[in-house]
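With the working numbering as the guide, the letters of the sequence shown map in order to residues 11 to 803.
The C-beta atom is built at its ideal place from N, Cα and C for all residues, glycine as well.
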Amino acid sequence: MPPGQEEREAPETWWQTEEPREQVLERTLALPFTADSDANQRSRQRGLVKLLDWLEDQPGRTWQERWVASGAEEAGREWTRLPVQWLAEHQRARKYDRADLRCGVIPLLGGQVVRPAYRWLLRQRPSQLLAHIRSVTDPDGFVALKDQYAATGHAGANDCNNALNRVTWIVASKGGSVHDVTIGDCVELQHAIGEHQSNGYHGKHLFYALLAGLGVFGPEAPARLKTVMLPGQLTPAALVDRQGITCTAIRDLLVDYLTERAVDVDYTTLEDMARTLAGLFWRDLEKHQPGIDSLRLDADAVTAWRERVRMVRDRHGTPIRPRVNAHTVFSWVRTFYQDLARWAADEPTRWGPWVAPCPVRDSDTDHSKNRARGKAAMDQRTRTLLPALPALVKAVERQLKDVQTCLATGRETPAGAPFTTPAGETLLRRAGMSSRVYADDPATGQRRDLTVEEERAFWAWAIVEVLRHIGMRIKEALELTHHSFVAYQMPTTGEIVPMLQVAPSKLDQERLLLVSPELGEVLTAIIHRVRRGQQAMPLVSAYDSLERLWSAPMPFLFQRRCGPEDRAIPRNYIYTCLNDALAASGLTGPGNEQLRYTPRDFRRIFVTDALDSGLPPHVAARICGHRTVDTTLGYAAIYPEDVINHHRSFIARRRALRPEEEYREPTAQEWQDFLAHFELRKVALGVCARDFGTPCVHEHACIRCPVLRPDPEQMPRLEEIHANLIDRLQEAKEQGWLGEVAAIEASLAAAEQKLAAMRDLAARHTTIHLGMPDLRGAVARIDSEQRNEDAKG
Numbered sequence: 011m012p013p014g015q016e017e018r019e020a021p022e023t024w025w026q027t028e029e030p031r032e033q034v035l036e037r038t039l040a041l042p043f044t045a046d047s048d049a050n051q052r053s054r055q056r057g058l059v060k061l062l063d064w065l066e067d068q069p070g071r072t073w074q075e076r077w078v079a080s081g082a083e084e085a086g087r088e089w090t091r092l093p094v095q096w097l098a099e100h101q102r103a104r105k106y107d108r109a110d111l112r113c114g115v116i117p118l119l120g121g122q123v124v125r126p127a128y129r130w131l132l133r134q135r136p137s138q139l140l141a142h143i144r145s146v147t148d149p150d151g152f153v154a155l156k157d158q159y160a161a162t163g164h165a166g167a168n169d170c171n172n173a174l175n176r177v178t179w180i181v182a183s184k185g186g187s188v189h190d191v192t193i194g195d196c197v198e199l200q201h202a203i204g205e206h207q208s209n210g211y212h213g214k215h216l217f218y219a220l221l222a223g224l225g226v227f228g229p230e231a232p233a234r235l236k237t238v239m240l241p242g243q244l245t246p247a248a249l250v251d252r253q254g255i256t257c258t259a260i261r262d263l264l265v266d267y268l269t270e271r272a273v274d275v276d277y278t279t280l281e282d283m284a285r286t287l288a289g290l291f292w293r294d295l296e297k298h299q300p301g302i303d304s305l306r307l308d309a310d311a312v313t314a315w316r317e318r319v320r321m322v323r324d325r326h327g328t329p330i331r332p333r334v335n336a337h338t339v340f341s342w343v344r345t346f347y348q349d350l351a352r353w354a355a356d357e358p359t360r361w362g363p364w365v366a367p368c369p370v371r372d373s374d375t376d377h378s379k380n381r382a383r384g385k386a387a388m389d390q391r392t393r394t395l396l397p398a399l400p401a402l403v404k405a406v407e408r409q410l411k412d413v414q415t416c417l418a419t420g421r422e423t424p425a426g427a428p429f430t431t432p433a434g435e436t437l438l439r440r441a442g443m444s445s446r447v448y449a450d451d452p453a454t455g456q457r458r459d460l461t462v463e464e465e466r467a468f469w470a471w472a473i474v475e476v477l478r479h480i481g482m483r484i485k486e487a488l489e490l491t492h493h494s495f496v497a498y499q500m501p502t503t504g505e506i507v508p509m510l511q512v513a514p515s516k517l518d519q520e521r522l523l524l525v526s527p528e529l530g531e532v533l534t535a536i537i538h539r540v541r542r543g544q545q546a547m548p549l550v551s552a553y554d555s556l557e558r559l560w561s562a563p564m565p566f567l568f569q570r571r572c573g574p575e576d577r578a579i580p581r582n583y584i585y586t587c588l589n590d591a592l593a594a595s596g597l598t599g600p601g602n603e604q605l606r607y608t609p610r611d612f613r614r615i616f617v618t619d620a621l622d623s624g625l626p627p628h629v630a631a632r633i634c635g636h637r638t639v640d641t642t643l644g645y646a647a648i649y650p651e652d653v654i655n656h657h658r659s660f661i662a663r664r665r666a667l668r669p670e671e672e673y674r675e676p677t678a679q680e681w682q683d684f685l686a687h688f689e690l691r692k693v694a695l696g697v698c699a700r701d702f703g704t705p706c707v708h709e710h711a712c713i714r715c716p717v718l719r720p721d722p723e724q725m726p727r728l729e730e731i732h733a734n735l736i737d738r739l740q741e742a743k744e745q746g747w748l749g750e751v752a753a754i755e756a757s758l759a760a761a762e763q764k765l766a767a768m769r770d771l772a773a774r775h776t777t778i779h780l781g782m783p784d785l786r787g788a789v790a791r792i793d794s795e796q797r798n799e800d801a802k803g
């Protein structure tokens, strides 16, 4: 925030609030405070007198002190209840007291006799009160705001009134004129609106843009109020202090360490490091080992900490689920200990006392299995989404055409009249002065904003086309500007081709990409929409939610109109448009689930399709902005085709080295013998599963054979054999044939095993017949109850 633009403190007193009663009445009931009619003027006079009488009975030296002590601000919209009660207690109550009081407070605030807080102002109906304050406090300043609004090309009366009301609230509460408003005042008002109002309009910052356009904040003022309100980058000390570390020495060490690392890493990485080292590592140790102050940890503490890190826990410490990125936590802690040991060699006094054995093992940081699982999951996802991409492209094109036709029809339809959408729906045009087109859906009873539907359909189509044609990161796509187009002349033919300059993002390396004719049409449509008939594209600032930085005002391609101002499209809006388009398309996956595309999916599909079409991997790496070819190959889901082709090539090469007779065509006799072998497999108890061309090694003792596949239909035959074996076993034991006993027992055990297998197979394929339901009892009961009710009637 520029110097001198901080929030103003409300003064304790000022000359208007110290005026005597007679002077207040004389000044606030004369010009320019007079009402527009005699009746209103009389009501204001009566109300002002009642208010002053009531305030005089409150404790305080000035009118402001009495107003605060009266409790009116806490009462909010019901503030008139307090003076009405006071009037009743003093036998002065009238039925029109509330109306008089609401009229009397107008000159009281317009004359700056009292300056209510925002909690009171924001709960009042603003129309007449705020208009009067504008007319008597700083009329020239508010006229300049109106002129500034008209000069920006805006035409909506509601937007202008809302902007003027916000400035009026600041002037009424803080005092001064329009040119005395500071950026801090605007921020304070926005927070108060979010706290005390719930009408959904607290996010509009047009009033700030108008004040900045008048030069109220000076030349160094931010272009948007959100630049001040949204959080910026925190210092390493603030990042560490968020975790609540109690040991001061360790806290200072972590701050020094993060300060050193902040030079080499981006803010997102620095924030992750602070969260891991200060929160998941040291703060967790302090919770379980109070008073710990050394990085030299004992074995039990290290083991317990590792187990806690591997699970995500709630605020009570109860495990919820395994932590997916536990290896990342271990890696940051291991890097922390290794950095301290390496830096201690250069600065032993500063880092030497903190050198200690690392509590993380090499195996803790190994995430090859997780990486392999993630790669397999992403590849499978890409193989599912790639075939559906043409259908998605057609779907978003069709949706865009339909909503554009629907919007055009709605604009031409008079208010209250029905019209039919391309989807066959009948809608009723709503009346209104807004530039948006609203329609009622009689089928659902809901109001539809056709303007918003068309806008989301357009940006869904635009992002799908841009990402599928060029495969860039979503951050890079949102940072494309009108200055990104470059004309490149071919050195051989002299032909001029359009190129797209991609700003540095992940690897801080910019690159040039060829613009195909299809992509050129899409970008042209985006530029035409953003310009809205103007000669130049609007300059807007974009907020990077990861780095927490604002860009300079630039002509971004991905920007849209939000009420009275232009804004850069954020990442979450892209996800909203994509999800709405996918839901309307009805595209489903193999499991009949709705398909879901993310911007990263388009990048993987682009790489996979490019490599599958024969593009060399090193060229694809340059297009995608990858530093190594391995990264590009990690995006490609070409595993099955690649392995199959290489395996077939290997088989062809191996066949060329083997004797030719091994790969000759079988003769008719050999083929007949092969088929006859399967006919010989059928036996009494099932099917023999021995290999082709092999003899029966058990000499057809099928009961004992492990390769017999029992047939459940032959269970009676096997039960008969089983009973016969029991009888033979009994006979052998009675006759003393011990050798025969051993053989029969082996056959009996094999028969029991195959009987169990048959019963298991039969149970799997058994259908339970439930029979037909018998409803006669239920019907008879219902008839009986009906007759009883008829008899009572």
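Relative to the C-alpha of residue i, which candidate in the options has its C-alpha closest?
{"i": "Thr278", "options": "Asp308, Thr245, Tyr106", "result": "Thr245"}
{"i": "Arg215", "options": "Val413, Leu97, Val197", "result": "Looking at the sequence itself, residue 215 is His, so the reference to Arg does not match. Out of Val413, Leu97, Val197, Val197 has the C-alpha closest to the C-alpha of His215."}
{"i": "Arg381", "options": "Ala752, Glu557, Glu750, Thr641", "result": "Thr641"}
{"i": "Ala818", "options": "Ser341, Glu575, Glu435, Leu460", "result": "Because the chain in this structure spans residues 11 to 803, residue 818 falls outside the shown range and cannot be described."}
{"i": "Asp324", "options": "Glu531, His656, Leu290", "result": "Leu290"}
{"i": "Leu417", "options": "Leu460, Pro432, Ala109", "result": "Leu460"}
{"i": "Gly362", "options": "Gln15, Gly301, Leu263, Ala85", "result": "Leu263"}
{"i": "Ala805", "options": "Asp450, Cys706, Asn655", "result": "The question about residue 805 has no answer, for the chain in this structure spans 11 to 803."}
{"i": "Gln348", "options": "Thr359, Trp364, Thr338", "result": "Trp364"}
{"i": "Thr394", "options": "Asp356, Glu475, Thr598, Gln456", "result": "Thr598"}
{"i": "Pro232", "options": "Gln456, Ala562, Ala284", "result": "Ala562"}
{"i": "Val540", "options": "Asp554, Gly530, Gln569, Glu520", "result": "Gln569"}
Hey, residue i and residue j: beta-carbon distance below 8 Å or not?
{"i": "Pro93", "j": "Ala79", "result": "no"}
{"i": "Val250", "j": "Leu221", "result": "no"}
{"i": "Arg458", "j": "Leu437", "result": "yes"}
{"i": "Gln409", "j": "Ala620", "result": "no"}
{"i": "Val406", "j": "Ala591", "result": "yes"}
{"i": "Arg727", "j": "Leu765", "result": "no"}
{"i": "Tyr583", "j": "Leu402", "result": "no"}
{"i": "Ala173", "j": "Tyr159", "result": "yes"}
{"i": "Val146", "j": "Phe43", "result": "yes"}
{"i": "Gln243", "j": "Ala288", "result": "no"}
{"i": "Ala336", "j": "Val312", "result": "no"}
{"i": "Met388", "j": "Arg614", "result": "yes"}
{"i": "Pro241", "j": "Arg483", "result": "no"}
{"i": "Thr38", "j": "Leu118", "result": "yes"}
{"i": "Ala398", "j": "Leu605", "result": "yes"}
If you run the structure through DSSP and keep just helix, strand and coil, what is residue i?
{"i": "Gly210", "result": "Only weak support exists for where Gly210 lies, its pLDDT of 49 falling under 50; the coordinates are left without a value."}
{"i": "Leu477", "result": "helix"}
{"i": "Glu28", "result": "helix"}
{"i": "Gly803", "result": "Note on Gly803: pLDDT 47, under 50, position unreliable in the model; the coordinate value appears next. Correct three-state label for Gly803: coil."}
{"i": "Gly696", "result": "strand"}
{"i": "Tyr607", "result": "coil"}
{"i": "Ala742", "result": "helix"}
{"i": "Cys572", "result": "strand"}
{"i": "Arg320", "result": "coil"}
{"i": "Phe227", "result": "coil"}
{"i": "Ile506", "result": "strand"}
{"i": "Gln200", "result": "helix"}
{"i": "Ala449", "result": "strand"}
{"i": "Thr338", "result": "helix"}
{"i": "Ile302", "result": "coil"}
Contact the segment 100 to 107 vs the segment 128 to 144: 3+ CB pairs below 8 Å: no
Ranges of the alpha helix (DSSP H) found wholly within the segment 525 to 552, counting only runs of at least 4: 527 to 541
Residue ranges of each alpha helix (DSSP H) within the segment 84 to 108, 4 or longer: Listed in chain order, they are 91 to 99.
Contact between the segment 410 to 424 and the segment 370 to 377 (3+ Cβ pairs under 8 Å): no
Uninterrupted alpha helix (DSSP H) stretches inside the segment 575 to 630 (no shorter than 4 residues): 581 to 595, 609 to 622
The segment 57 to 69 touching the segment 29 to 39, judged by at least three CB pairs closer than 8 Å: Contact between the segment 57 to 69 and the segment 29 to 39 is present: three or more C-beta pairs spanning the two stretches fall below 8 Å.
Secondary structure, alpha helix (DSSP H): runs of 4+ residues fully inside the segment 137 to 163: 137 to 147, 149 to 161
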